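**Q**
What follows is the structure, encoded as C-alpha cells:
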C-alpha cells in the first residue's frame, strides 16, 4: 500500500526544496519532481512543509515519583505526542537501589507493551553502580540498543549519585561507546536550602524555585562537564533552564569537547514571575530545575539558534492539579503546605512542535531548517536513531509530518490529548500545526483525530550517538 | 541526455544514505532506491561518496597585484578547480579609485567571458565610497546578483579604507540585504612595522610574517565585528589565520551576532616554522594574513569542527616563483631583497577538497557531513547560492562529485592544473580524491582529465546570504 | 614653622593606625605615638581620618573647545579642588596642528603662571606626529617632567589621530619610558551617526548619547589596548564610561598587560535616564564618552573595588549653562538646536572625594584604604608622582587631608567654588568631607574657607609611571 | 630596651621611603628622619630594605598524616621560619571524626606549647559538622581567635567532606564572620584514578600527578566558589597549583566575589617534568595538588603580579626521604612501590622569601611593594592579623626583616634549619636574604644564627579577614 505525498516543500535540517515523496511499506523509496508512480493513497501537500516527525528524547511516561506516578502512560502519552507531530520518544527506565539494570529495562518494556502508538527508545537511569555491574552497561549498549545512561547530581536519597559513581559510569561509557545524560543541580546545597526554608515557614510552591538557585545548576553543569572531560566521554545535559548553566555548555563546546545540551519549552515560555505570588496555582509550574526568571528565556532561545544548545525535548512528566481527574489519585495536591512534596513535572509532549515553531520560526525568524534540526534531526543523531529517523530521505522511516504554517491551533487542557487536567500554555494560539502525521508510512493523525493504533509503536534498538 | 548515478552513498551536510540519482538536463530530478529509468549515461558510484560539488568563495583569478597579476585566469583557474572537485567559485571584481563599481563588474565579466569552465559569481571590492555611490550598491544587490561587498583594513594606499567608510558601507548593506566581507588586519600598524624592519635591514620573506603580528589581525577582526554590530549587518571575515582572530568570531557568535568566518588550507597545513629560516624559498608562503606559528593550526581545525568558523575557501591567488614559467613575467622574484614587494598569494583552488578531506575526515575523524558543510553547503548558503548549489537534492543543479575515499592523490606542481610553478603542498599524498565531477549535469572531470569546456561556466546572479 | 597633627587615624592605601604627624617645612619628618615635639601649629585630628591629599589626573582648566573655553582657569579650578580635598592635579597641554609640543607646553605653563593654588603637572595631547618630532617626545619625558602623552580616537578633524600615528607614538613611548593615555571612542562611526541623526531632525542633547554607542567605546578601547600590546607600552584609558569598555581593560590585565583605566564620578552617579527626555537641561550632562544607561554604574563601582579600574579622576571641563555667569560668554547654549555644538564637559574637581567616599565607603562598604588608593595613591603612582605625593609617609610632601566622616556636606552650585553656574550633583548631601587641607605643609582650606594663595602651586616635573 | 633601626629603606605593600624606626617594648613607636632618641640597640640598615616580617598562613607542623607525622614540630619549624624572614605562621588544628573542634584546638595548643619561636595562629580543619556543633564554630570565631575554617574536597575517608557539609559550614561562617579555606580537588575522581593506575601496575611517584589531573582541581575550585557564592561567604582557595584552577579564581573576582587564592613556591619553581622519570627521587616532590607541568608556572607568577592570586604560603609539611634522619621514622619511603602511600608534603617555610624575592623582584621585575604584599601584608589582612602584623607602621608589632638585596644565599639541606633531609630547591643560590630578623622587637636571627628563644612565640587570637 504505497503512499505518495505530492507537491510539498520538503524541509530537512539542511534542505529546502519541492518534490514528491513516494513511500513503500514503512520507508521513503523515491523523491522526485512530478513522480509518476502508483499509490494507494495520495496526499496533497501543496502549500505545506513536509518535515521529519518530531523526536522527543526526554519523556517520563508512567514514572513513579513522589508517592504517585506521572499521569500519562505509554498509550496516552504517545497518542498525545502523535497529535503534536512527534513520532518518536525516548523514555527512561529507572534502575532502583538493589535491582539490576536488566530488571529495570524489563519493567519498562512491560509498561510499554502493546501501548505505544509511535516508536520509542529507552535510556537507563542509574542510581548506583557497584563494580560488578559494569559489564551490564556494556551489554545494554551492545545488545539491547540502550545506548545512553542518565544520572542525577540532585535528589539526595532518591536519584542522586556521588561524583565517584558518576565518574565510574562515565569511564565505562567512554569505553563502550554510550552517551551520558546528566541532570545537573547540586543536591547537597538544595537539600539544605529546602530544609532551611521550610523551617522558616516558607512552604508555598514558588519557594521551590528559591531553594534551587541557578548557581546550583551552573555548578553541577560545570562539574559534570569536567568529569566527562576527564573520562573522555560525551555528555548530554538535560533540561538546561538557566543562562548560567547554558554558558557552561557553550564554554566547553568552544574548547572542542563533545558536550551537548537540551532545553524544554517550559524554560522558553514560562517564568518564575508567573508563579512568584505563592498561590497554589504555582504547583502547575513545579519542575526541576525550576522555571527561572524571565531574563533567562532570551538567552536560551539565542542558544538554540546559535547551536550552543542542540535540542529541545519536553521532560514530559505530568501530574494532575486535582484529585480524581480520569480516576487519577491526588498528585500536585500532595504538596499543599509543603512545596517539597509537590511532584516535580509538567506536561508537554503534545505541544513541543507547536511552541518551537511559534517561538522560533514565527517570532524570531529562524529558518525552518533550524526548527527541524532542533526538534528532530539533532535528537535523532544524538540518540543513535539517524538516519532511520530524523530526516526525510530515501531509505529513512516514513515518519513524516505535513506541517501547515497556516493552520492555527489553540492549546488547551479542554482539547489536548495528554492525560492531565491542565496545560501550562492554556489558551495560547500558535500559527501553525500538523495537518497530517505519518508513523512508519501509516497515517496516525489525519488532521482531525488519532487514526493510528496503540501498540503499533516499536521499541527502538538505538545505535551510537553521532552528532558532529 | 539524462544521466543516472547508481549505488552511491549520498552525503549532504546533514544526510547519509544510499540511493540512485537521476539527472535531466542540468538538475537532479529524482532520487530513489533502484531507480528504473532511462539514461544516456550511467555512472556506477558503488563504494563511493556522492557529494555536492565544492564551492570556493574566495579566489582571485587574473588579479592585478603588486605590479603583476595572479597567474591563473578564469580559464586555467576553473579547470584546475574542476580537477579538484570544485564546481563553483566566487571571485572578486575590484572597484579602483575613481572608477565605478559598475565599471569594475563589467571589467571582471569581460575577464571571465568565454573562459570559465565551471559556474562563478563575483563579490565587489570597494576602495572608496562617496555618498552618491550608495545607490549603486543597492543596484548590484538587487539587479546584478552581486550580493556581497569586500573591504580591507589593510594595504594602506591600495585597498585600505578607513572605519568611517567601512561603517558607511555596512549601514547601506544592512538596508539592501547584502553581505559584508572583510580582510581584517590593522594596516597602520603593519605599515610602520614594515618600514621599521626594512630600515633595520630585515628584508627576507619570513619578515613579512613578523611585520604582521596576529594581534594586528585580532584587533581588526574585533573592530569589524563591532562596526557590523553597530550597523546591524552580517559580516564574513575572510581568511582567518590565527587563534586570536578566530576567538573574536567565536565570541561574537556566542552573543548571537550574524558573524561568520572562513579559513584556508594554507593556515591549516603550513606554518611560520616552514619559512622561518629566511631563505627566498619562503616567498612561496607569502600571503596576507601571513601563515602563522604552528600552534594556531589545531585551534583552526577545532573551530571548523565546532562551527566557530563556517567555511573553508582558498584565497587562491597564485604567483610564480621563477620568471618565464608558461611565459609569465617575474612575480615572487619581484621581492628579492625586499619582502614587502613579494606579491601576496598562494595557489590552492585545485587542492581544497583533497586537503580538507585528509585533514578533517581521515586525520581528525570528522563526519563526511561536516566536510561537505564546510566545502560546499555553508559557502552556498552564505553566498546566496543555496539550494541551487551546495547540496544533492531534487531540483538542485547537478554539480556533483563522486568522491572516492580509496583513490590516493599526490599533490605536485608537476601534475597540477593550476598555472603556477610550485605547489605549497608539494608531494603530499592524500587518501581520497574525485573519481568524477559533474557541472550542471555534464561530466567535466572523468577521473583522468578535464572533459568539460571553457566558457560553459555561467555567471551566477546570487541571492541573499542565508546561513542560520 | 613646624606643624603637628595629633591623634588622627592615618589611612594610606595600605595602612590604618593612629599616630601623630610632624611636619617641618613642606614634608612629613616624623610619625609617632604621642610625639613630644615643638610645633608652631598643632592640629587635633581626634576622631578623624588623616589621608593623603587627593590627586586628580584628568582636568581641563582654561581649555579652548568648541568655540569657547572651559570656564575654570588654573586659579579658580585649583582653589575649588583644594576645597574638596584635592591637592594636586594633572592637566593637559594641547599640541595643535602645525605647532610643536614645546610650544604647547609653554602655552600651558603661561596659562597656569601665578595662578595654581595647589601643585600641578601636565600631560601632552598630540594631534599629529611627523617623524622628525619624535625626539621632542623624548625630551619632554627626560627633561621636562611631562611623562605622559594623550591621544584621541575620536573628534575627527580636531583631536583624532589615526592608528598609524597612535602606534608610532606608542612605539616611541615604549622606548622613552613614558605613559600613553587614550580617549577611546570610534570617531568614524560617531561622525556618521551624528550626521545621520541631525539629518533626521534629531537635535536634542540626549541624542549626543545615542550617536556615541557604548560599542564605539568598547571597540576603540580594545583597539588601543591591542596597539599598546604590539608597541610594548603601558596604556591608561581615560574616562571609561561603560561596562563594555571596562571589560576590555579587565581582560587585558588578566593577560598581564600593563593596561590601566580610570572612570569619573559622572559615570558612577549620573545616567542616560537622567536626560533621556530631550530637554535642554540635558546639556548639563553632555560629555564624551556620554553618560550611559544606569545599568553600567554598578559594574564601574565593582571594577573600582576589584581593581579592574585603577583610578578615579574627574575630566573636569566645565561650561556654563547660561550666558553671562561671572561674565562668561555663551557656552552650553551654543548647542541649542544642534546637540553636536554643545561644548563637551562637566565640572567635578571639587566634589570627587565627596562622591567617592559616599558611594564607595559609606554606601558600598569599601575600606578607607581602597578609597585612598583610588583618589590619591594610584594616581600618584601612575603619573610618576609617588612617593612625593599620594601617601602619608616620612619624607613625602605634606599634602594632607583631615577627613571628617561626620561632617556632612551638601553639594550645590550656590556654594561651590568652581566657576560654573550648575552642579551635576545639585543638592546631594554626602556624609563626610574635609575638615582641613594642607598643601606642602601649609593649610589651604581651614574647614571654612580657602586660606592658601594663588600661585603657591608648583609645576611638578613628574617621573615614570610606577604602579605594579 | 628600645631599639633603633637607622637609615633603612622602608618598604611596605604601598610605601617606599627612607627613615629611622624606633621600637619600644614590642612595637614600633616612631618613624622619622634622623631620629634623635635613646636606644639600647642601634641597627644600621643602610643600603638595605626594612620590610615587615613574612607571614606564612599555611603550615603543618607536627601533623599526623599517612601513618607518620610531618617532621618539623612547632619548635624546629618556627626556628627555620625565622631564619628565612618569616615571623608569623598560621598552622592548622585538625578536628578528627568524633571529636570536637574545641578538643582539636586544645591538642594543637599543647603541641605548640613552649615551642614556637615566633608568633602563630591556628585555622580549624573540619572533617564533619553535625548541626549541633554549629555554635562551636561561632565560639571559635568570637572567643578563641580561630577565625578561619578549612575543608577538603579531596582525601575521601580522611579529610573529605561532601558538598552538603561544606555548604552548611559556609552558611554558618557567613553569619559568624569567619573565613572559609578550601583544599580543592575532586576526591571521587582521584580515588578512582588512583585505584585504576595501581591496578595497571603504575606505582611510581610521578603517577601521583597523573592520578590528580588539573581538571580535578579546576572542577573543585569552581565548585567551592559556587558554593561560597550561594552561601554569601568569602573563600580562600589554598595551594592553587594550576593555570586552570587559577582562572576560576580570577573569573570569580571579576564578578566581584570575595574569592581569594594562594599559591606556594613549589608550584612556582618545580614542575612535573622534574620527576616525570618515575624514579623514587620523585617522592621529594609529592604533595597535593601535585606539582604540575612547567607551562603552569608563568601563569601563576603572572597571577601573583596581577592580583589574581593574593598570597604566597608554603603548605610546609615536610617528610624525610630516608629513615633515621635525626631519629625520625620511615616517611617518604612508606610509598616505595605504591605512590599512594607516600606522605604528601614538602618543606618550604624557611625559603619562601628567598624564592619569592628571587623569582619576583630579581627575575620578573616586580616592585618590592608587591613582594611585601604577597608574603606579608595580604596574608595578614586575610587572616585577621592586620595592622598588628603585616606592615611597618607606628603601633604595629616590630616583626621586622632587614632584607639585604646583596646577600646571596645558597639553599641546601646541608645548611637549612628545617628538620628534613632534603630541600626541593637544593643548591639554588638566591640574590638576597635576611640580614637580621626581629620578632616583636627582639632580634631572633642576627644574620648568622638563631638568637631567639623557643616558646617566645605567642598564640595569636585573630580577628576577621579584611582584604579589600
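Residue numbers (the numbering used here), protein chains in the order written: chain X, 2 to 469; chain F, 2 to 469; chain B, 2 to 469; chain Z, 2 to 469. Every residue gets a Cβ at the ideal spot worked out from N, C-alpha and C, and that includes glycine. As the structure is a computational prediction, the values presented were derived from the model and not from experiment.
Note the first and the last residue of the continuous beta strand (DSSP E) segment covering residue 262 of chain F.
**A** Note, residue 262 of chain F: beta strand (DSSP E), 260-264.
**Q** Considering only their Cβ atoms, is the gap separating residue 30 of chain F from residue 33 of chain X smaller than 7 Å?
**A** For residue 33 of chain X and residue 30 of chain F, yes; Cβs fall inside 7 Å.
**Q** Between the segment 165-183 of chain Z and chain B, which residues of the former have CB atoms less than 7 Å from a CB of the latter, in chain order?
**A** Answer set for the segment 165-183 of chain Z: empty.
**Q** Output yes if chain F places a C-beta closer than 7 Å to the C-beta of residue 209 of chain B; else output no.
**A** Output row for residue 209 of chain B: interface = no.
**Q** Is the beta carbon of residue 69 of chain X less than 7 Å from the beta carbon of residue 267 of chain X?
**A** The answer is no: Cβ separation not under 7 Å.
**Q** Show which residues of chain X have a CB atom less than 8 Å away from the CB atom of residue 104 of chain Z.
**A** Within chain X, no residue comes near residue 104 of chain Z; the closest Cβ sits about 26 Å away, beyond 8 Å.
**Q** If I follow the unbroken beta strand (DSSP E) through residue 8 of chain Z, where does it start and stop?
**A** From DSSP, the beta strand (DSSP E) with residue 8 of chain Z extends over 4-12.
**Q** Beta carbons nearer than 9 Å to chain Z: which residues of the segment 186-212 of chain X have them?
**A** So the list reads 187, 188, 189, 190, 192, 193, 194 and 197, given in the order they occur along the chain.
**Q** Strictly under 7 Å for the Cβ-Cβ distance: is residue 49 of chain Z near chain B by that measure?
**A** For residue 49 of chain Z, the answer is no, since every Cβ of chain B falls outside 7 Å of its Cβ.
**Q** If the cut-off is 9 Å on Cβ atoms, which residues from the segment 218-230 of chain F count as contacting chain B, listed in chain order?
**A** Result list: 219, 220, 221, 223, 224, 226, 227, 228 and 230.
**Q** Since residue 32 of chain F meets chain X, which of its residues come closer than 9 Å, beta carbon to beta carbon?
**A** Neighbours of residue 32 of chain F on chain X, chain order: 20, 31, 32, 33, 394 and 395.
**Q** Checking 7 Å against the spacing of the C-beta atoms, do residue 35 of chain B and residue 388 of chain Z come in under that value?
**A** No, the pair does not count as a contact, with Cβ atoms beyond the cut-off.
**Q** Within the continuous alpha helix (DSSP H) that includes residue 193 of chain X, where are the two ends?
**A** Run containing residue 193 of chain X: 188-200, per the alpha helix (DSSP H) assignment.
**Q** Are residue 446 of chain F and residue 83 of chain F close, meaning C-beta to C-beta below 7 Å?
**A** Contact flag set, yes.
**Q** Measure from the alpha carbon of residue 257 of chain B to the alpha carbon of each residue in B:263, B:234 and B:379, then state which is nearest.
**A** Here the closest residue by C-alpha is B:234.
**Q** Please check if any C-beta of chain F sits within less than 7 Å of the C-beta of residue 214 of chain B.
**A** Closer than 7 Å: yes.
**Q** Round the Cβ separation of residue 384 of chain X and residue 58 of chain X to the nearest angstrom and send it over; I've been treating them as touching at under 8 Å.
**A** Indeed they touch by this definition, with Cβ atoms about 5 Å apart.
**Q** Just verifying my parser: in three-state terms, what is the DSSP assignment at residue 102 of chain X?
**A** Here residue 102 of chain X sits in helix by DSSP.
**Q** Mind checking if residue 133 of chain B is an interface residue toward chain F, Cβ cutoff 7 Å exclusive?
**A** Answer no: the Cβ-Cβ gap between residue 133 of chain B and chain F never drops below 7 Å.
**Q** With distances taken Cα to Cα, identify the nearest neighbour of residue 113 of chain X among X:262, X:26, X:227 and X:78.
**A** Taking only the C-alpha atoms, the option nearest residue 113 of chain X is X:78.
**Q** My guess is that residue 420 of chain B and residue 327 of chain B are in contact by the Cβ rule of under 8 Å, so how many angstroms apart are they, rounded?
**A** 6 Å between Cβ atoms; contact.
**Q** By how many angstroms is the C-alpha of residue 20 of chain Z removed from the C-alpha of residue 395 of chain B?
**A** Residue 395 of chain B and residue 20 of chain Z: Cα-Cα distance of roughly 7 Å.
**Q** Please specify which runs of the alpha helix (DSSP H), each continuous and at least 4 residues long, are wholly inside the segment 357-402 of chain X, giving them in chain order.
**A** You should have 369-373 and 379-383.
**Q** If contacts are defined as beta-carbon pairs under 8 Å, then residue 216 of chain X and residue 231 of chain Z qualify, I think. What distance do you get, rounded to the angstrom?
**A** About 5 Å; that satisfies the 8 Å criterion.
**Q** Let me see if you follow: with CB-CB separation under 7 Å, is residue 139 of chain F close to chain B or not?
**A** No, because no Cβ of chain B sits closer than 7 Å to the Cβ of residue 139 of chain F.
**Q** Taking only the alpha-carbon atoms, compute the straight-line gap between residue 73 of chain B and residue 129 of chain B and give it to the nearest angstrom.
**A** Roughly 27 Å separates the two Cα atoms.
**Q** Residues of chain F with CB under 7 Å from residue 14 of chain X, in chain order?
**A** Under the 7 Å cutoff, chain F gives 15.
**Q** If we require 3 or more residues per run, which beta strand (DSSP E) segments fall completely within the segment 2-89 of chain X?
**A** Within the segment 2-89 of chain X, the complete beta strand (DSSP E) runs of at least 3 residues are 4-12, 17-25, 28-33, 42-45, 50-53 and 55-60.
**Q** With 7 Å as the threshold, decide whether the Cβ of residue 116 of chain X is near any Cβ in chain F.
**A** Answer no: the Cβ-Cβ gap between residue 116 of chain X and chain F never drops below 7 Å.
**Q** With DSSP collapsed to three states, give me the class of residue 255 of chain B.
**A** Here residue 255 of chain B sits in helix by DSSP.
**Q** Find the residues of chain Z that neighbour residue 303 of chain B, judging by a C-beta separation of less than 7 Å, and give them in chain order.
**A** Those are 257, listed as they occur along chain Z.
**Q** Below 8 Å on the Cβ atoms is my contact criterion, and I expect residue 125 of chain Z with residue 110 of chain Z to pass it. Report the Cβ-Cβ distance as a whole number of Å.
**A** Contact doesn't hold; Cβ gap of about 12 Å is too wide.
**Q** So, with DSSP's three-state summary, where would you put residue 92 of chain B?
**A** Looking at residue 92 of chain B - three-state DSSP - the assignment turns out to be strand.
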